[in-house]
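Novice: Handing you this structure, nothing more for now.
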Amino acid sequence: MPTNDGPEQIRYGVIGTGMMGIEHIQNILALDNCVVTAVADPEPSSLLSAREAVGPDTPLATFGTARELIAANLCDALVIASPNHTHHDVLIPSIESGLHLLIEKPLCTTLDDCREIVDLVSDRPASQVIWMGLEYRYMPPLQRVMSEIAKGTVGDVKMVAIREHRFPFLVKVDNWNRFSKNTGGTLVEKCCHFFDLMIEATESRPVRVYASGAQDVNHLDEVYDGKQSDILDNAYVIVDFANGSRGLLDLCMFAEASKNEREIVVTGTAGKVEALDTESIVRIGVRTDDILSGVNVVTEEKIVDSSIKHQGLHHGASYLEHVDFAGAIRAGESAAVTVLDGLWSAAIGFAAHLSLDSGMPVMIDDLAQVAGLEFRP
Ligand SMILES: NC(=O)c1ccc[n+]([C@@H]2O[C@H](COP(=O)([O-])OP(=O)(O)OC[C@H]3O[C@@H](n4cnc5c(N)ncnc54)[C@H](O)[C@@H]3O)[C@@H](O)[C@H]2O)c1
Numbered sequence: 000m001p002t003n004d005g006p007e008q009i010r011y012g013v014i015g016t017g018m019m020g021i022e023h024i025q026n027i028l029a030l031d032n033c034v035v036t037a038v039a040d041p042e043p044s045s046l047l048s049a050r051e052a053v054g055p056d057t058p059l060a061t062f063g064t065a066r067e068l069i070a071a072n073l074c075d076a077l078v079i080a081s082p083n084h085t086h087h088d089v090l091i092p093s094i095e096s097g098l099h100l101l102i103e104k105p106l107c108t109t110l111d112d113c114r115e116i117v118d119l120v121s122d123r124p125a126s127q128v129i130w131m132g133l134e135y136r137y138m139p140p141l142q143r144v145m146s147e148i149a150k151g152t153v154g155d156v157k158m159v160a161i162r163e164h165r166f167p168f169l170v171k172v173d174n175w176n177r178f179s180k181n182t183g184g185t186l187v188e189k190c191c192h193f194f195d196l197m198i199e200a201t202e203s204r205p206v207r208v209y210a211s212g213a214q215d216v217n218h219l220d221e222v223y224d225g226k227q228s229d230i231l232d233n234a235y236v237i238v239d240f241a242n243g244s245r246g247l248l249d250l251c252m253f254a255e256a257s258k259n260e261r262e263i264v265v266t267g268t269a270g271k272v273e274a275l276d277t278e279s280i281v282r283i284g285v286r287t288d289d290i291l292s293g294v295n296v297v298t299e300e301k302i303v304d305s306s307i308k309h310q311g312l313h314h315g316a317s318y319l320e321h322v323d324f325a326g327a328i329r330a331g332e333s334a335a336v337t338v339l340d341g342l343w344s345a346a347i348g349f350a351a352h353l354s355l356d357s358g359m360p361v362m363i364d365d366l367a368q369v370a371g372l373e374f375r376p
C-alpha cells in the first residue's frame, strides 16, 4: 500500500495480545508508517488490552483465532506472540498465508515441531520475510559486545559466560508458563536467548551440552487442575562448540536481589568484553604483555541508543528488532534472524533438559532432528 510521503505503510496483525503482544503493538505504533489493523486472541480481556493500546480512534478488527485473522486479509505482516505451546499450530497457517512473520521465541516447544517449521519455511519464497524474534541480540550493550568481537578486540573468542539472575516467572494468562510441556522447559523458553548469544559470539556449531539444575524454590506450592507446577528455576549449563570455544549459563530465578539482571562476559585470546544489561554498561579489557599494568587496561562505557523510540520491557531491544523487520520487508531483504537460528538456540535448551534428566552430557548430533542439519546458511 504505497503512500506519497514516507515509507510504504505496513499493516500488522498481532496474534496473542498478552504481555508481549501489547509490547509489540506499542513498538509497531512507534515505527514510521506502521499500523496494527487486526489482533487475534481467545481471551476477551487480552483483546480489550489491544484495543486500549491501539487507541479508541484507530480501526482494529478483533478475532478469536489466527485463522480468522488471516482469512480477513487485513494485514501485510503478522507478529506471533501467543503462548509457546500454541506456536506450532499458529505458525502452520501463518507461514502458508504468505504474510511476513515475526515469531516470538522459542520457535516451538519440541525439537520435532521446530524441525517441521524449519522445513516448511525452507519451501517458502525468499520474498516472504520470516523473522525469528530473538531480540536480546538487539539490546544496545549486547550489540556493542558483538561489534567489539567483530572488530577483533577480544581476539579469538574462547569463553562466553552468561549469568541471568532475576525474578521468578511472571503471572500469565492461565499461568501457562508454570508447566514445561507448555513452555518447552525453562532452558528452552527463556534461555534460548542466551544460547543464541553464545552462538553469535562463538560463530560455531554446538556439539555437546551438560546441565545441572532443578526447581528448588519457585512455584512449589502452585497446583493447577491437581498438577503441581514443574518449572525449573535454577541451572548451570555448559556448552562445547565445534571450534573449541565454550559457553556457560548461570541461571537463577530467585535472585531478584541483584543489581543487573544479566551479565554477559566474552573472553578471547586478546581481551575481554563484558555487558551489564540493566545498567547498560559495557566494559572492555585488553590484555597487555605487562601483567601488572594489564589490570588497569579496562574501559567502561554507558551505552545509550538515542534512536530507540520505545523502551518497553526489554531496554528498547524489541523496538530495534522491529525497525530491522520492517526495514527487511520494505527492502525486500530476507530475515537477518531466521527460524534456523530459532531451532539452534532452542536445540541447546532441549539438549540441556535431556542432560538434566539423564545426568549425562548430550551430544548434539545424537539429536535426530539436527544431525546433519545445516548450521548457518
Ligand atoms: N522475547 C522476549 O523476551 C519475550 C518476553 C516475554 C514473552 N515472550 C514470548 O511471547 C509469547 C507470549 O508470552 P506472554 O508473556 O505475552 O504471555 P501472556 O500469557 O501474557 O499472553 C499470551 C496471550 O496469548 C493468548 N493466546 C492463547 N492461545 C492463543 C492462540 N491459540 N492464539 C492466539 N492467542 C492465544 C492468551 O489468551 C494471552 O492473551 C510467548 O511465546 C513468550 O515466550 C517473549
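Counting from 0, one number per residue, gives the positions in the sequence shown under numbering that gives the first Met the number 0.
Backbone N, C-alpha and C define an ideal beta-carbon position, used for all residues, glycine too.
Where do the ends of the beta strand (DSSP E) carrying I283 lie?
Specialist: For the purposes of this step, residue 283 is identified with residue 284 of the sequence shown, where counting begins at 1. Element bounds for I283: 280-285.
Novice: Cβ of V89 versus every heavy atom of ligand 1: is any distance shorter than 7 Å?
Specialist: For the purposes of this step, residue 89 is identified with residue 90 of the sequence shown, where counting begins at 1. V89: yes, Cβ under 7 Å from ligand 1.
Novice: Can you tell me whether D224 is buried or exposed, with buried defined as 16 or more other CB within 10 angstroms of its CB?
Specialist: Along the sequence shown, read from residue 1 onward, the residue named residue 224 stands at position 225. Per the 10 Å Cβ criterion, exposed.
Novice: Closer than 8 Å is the cut-off here; do at least three beta carbon pairs connect the stretch 208-216 with the stretch 58-65?
Specialist: No: the two stretches stay apart, fewer than three of their Cβ pairs being nearer than 8 Å.
Novice: Indicate the three-state DSSP secondary structure (helix, strand or coil) for F253 in the structure shown.
Specialist: Taking the first residue of the sequence shown as position 1, residue 253 is located at position 254. The answer is coil: DSSP assigns F253 none of H, G, I, E or B.
Novice: How about the stretch 257-265 and the stretch 140-159: do they share at least three Cβ pairs that are nearer than 8 Å?
Specialist: Yes, they touch.
Novice: Quickly, what does DSSP pair R66 with across the bridge? List them, please.
Specialist: Residue numbering aside, residue 66 sits at position 67 when the sequence shown is read from its first letter. Paired residue(s): none; R66 is not in a bridge.
Novice: Kindly indicate the opening and closing residues of the beta strand (DSSP E) around H164.
Specialist: Within the sequence shown, numbered from 1, the residue matching residue 164 stands at position 165. 156-164 is the extent of the beta strand (DSSP E) around H164.
Novice: Under 7 Å from any heavy atom of ligand 1, does the C-beta of W343 make it?
Specialist: Taking the sequence shown and counting its residues from 1, one reaches residue 343 at position 344. Not so, every heavy atom of ligand 1 lies at least 7 Å from the Cβ.
Novice: Which residue marks the beginning of the beta strand (DSSP E) containing S45, and which one marks its end?
Specialist: If you number the sequence shown from 1, residue 45 lands on position 46. From DSSP, S45 is part of no beta strand (DSSP E) but of the alpha helix (DSSP H) over 43-53.
Novice: Which of the three DSSP states is assigned to N233 in this structure?
Specialist: To locate residue 233, count along the sequence shown from 1; it is residue 234. Three-state result, N233: strand.
Novice: Compute the beta-carbon to beta-carbon distance between P139 and G315, rounded to the nearest angstrom, for a pair I have assumed lies under 8 Å.
Specialist: Looking up residue 139 in the sequence shown gives position 140. Looking up residue 315 in the sequence shown gives position 316. Rounded, the Cβ-Cβ distance is 7 Å, consistent with contact.
Novice: For the alpha helix (DSSP H) containing Y119, name the first residue and the last one.
Specialist: Here residue 119 corresponds to residue number 120 of the sequence shown, with the count starting at 1. The displayed chain sequence assigns Leu, not Tyr, to residue 119. Start and end: 110-121.
Novice: Anyone know if the C-beta pair for V322 and L100 falls short of 8 Å?
Specialist: Against the sequence shown, residue 322 aligns to sequence position 323. Against the sequence shown, residue 100 aligns to sequence position 101. In this structure, L100 does not lie closer than 8 Å to V322 by Cβ.
Novice: Are the stretch 103-117 and the stretch 342-352 in contact at 8 Å, needing three or more beta carbon pairs?
Specialist: Touching, per the Cβ criterion.
Novice: At the level of alpha carbons, what is the spacing between L28 and V35?
Specialist: Locating residue 28 in the sequence shown gives position 29, counting from the first residue. Locating residue 35 in the sequence shown gives position 36, counting from the first residue. Rounded to whole angstroms, L28 to V35 spans 7 Å at the Cα level.
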